[in-house]
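A.B. asks: Dropping the structure in here first, questions after.
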Amino acid sequence: MSPSVEHTSPLPSPAVLNPFGGRGHALMLGHVHPDADVLGTLLALGLALEARGWRVTYGGPHLAPALLAFLPGIDRYRQLTGLDEPLDVVVLTDCPNPQRTEGLIDQARRAAKVVVNIDHHPDNRDTAT
Numbered sequence: 065m066s067p068s069v070e071h072t073s074p075l076p077s078p079a080v081l082n083p084f085g086g087r088g089h090a091l092m093l094g095h096v097h098p099d100a101d102v103l104g105t106l107l108a109l110g111l112a113l114e115a116r117g118w119r120v121t122y123g124g125p126h127l128a129p130a131l132l133a134f135l136p137g138i139d140r141y142r143q144l145t146g147l148d149e150p151l152d153v154v155v156l157t158d159c160p161n162p163q164r165t166e167g168l169i170d171q172a173r174r175a176a177k178v179v180v181n182i183d184h185h186p187d188n189r190d191t192a193t
C-alpha cells in the first residue's frame, strides 16, 4: 500500500490527480445514509470523469434519500451489497472511517488499483492508497 498523502492546498495534489490521467473504470463510493455532502461530491466528480471517457459506477451501502432526487445523476446511484469486478480507481468522499462503508471499502481495496479518499474530517483514518 502506498503511503497516505495529506494535502491542504486549494489546488489538487499530483498524488490525487495521477490515477485519473487516462481512462478506466471508477467507483464513486458513498457512505451509510448518504447525504448531500457525499452525493454532491461523488456525482460531480463522476460526471466529470465520464466526460473524459471514464466508465463510472455510483453506489454505497444505502440508497440515496428521495429528498435529493434533484441532483444530476442521482438516478444512477445504487445500493451496493458487494463489489465483484476489477476497478481502476475507487473514490471515497466525506468518510472519515471505513466502518461507514459497511465493508465495501475493504472489498474496494481488493478490486481497485487505487483508492482515493477526499475528506475534510480531522479524524480521518487514512483509508486511501
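Going left to right, the sequence shown walks through residues 65 to 193 as the working numbering numbers them. Note that CB positions come from ideal geometry on N, CA and C, so glycine has one too.
At which residue ranges does the segment 100–157 contain complete alpha helix (DSSP H) runs of 4 or more residues, listed in the order of the chain?
C.D. replies: 100–115
A.B. asks: Please work out which residues of its chain come closer than 8 Å, Cβ to Cβ, to V96, disregarding the five sequence neighbours upstream and downstream, and give them in chain order.
C.D. replies: G124, P125, H126, R164, T165 and E166
A.B. asks: Could you name the residues of the same chain whose beta carbon sits closer than 7 Å to that of L132, not counting the 5 residues immediately before and after it, in chain order?
C.D. replies: A100, L103 and I138
A.B. asks: Who pairs with A175 in a beta bridge, going by DSSP?
C.D. replies: The partner list for A175 (beta bridge, DSSP) is empty, contrary to what the question assumes.
A.B. asks: Please report the Cβ distance between V153 and P83, rounded to the nearest whole angstrom; I am assuming they are in contact, meaning their Cβ atoms lie under 8 Å.
C.D. replies: 5 Å
A.B. asks: Is the beta carbon of L144 sitting closer than 9 Å to the one on A175?
C.D. replies: The answer is no: Cβ separation not under 9 Å.
A.B. asks: Name the one or two DSSP bridge partners that H89 has.
C.D. replies: R119
A.B. asks: If we ignore side chains and look at the alpha-carbon of each, how far apart do T121 and L111 end up?
C.D. replies: The straight-line gap from Cα to Cα measures roughly 10 Å.
A.B. asks: For K177, which residues of its own chain have a beta-carbon under 6 Å away from its beta-carbon, when the five flanking residues on both sides are left out?
C.D. replies: D152
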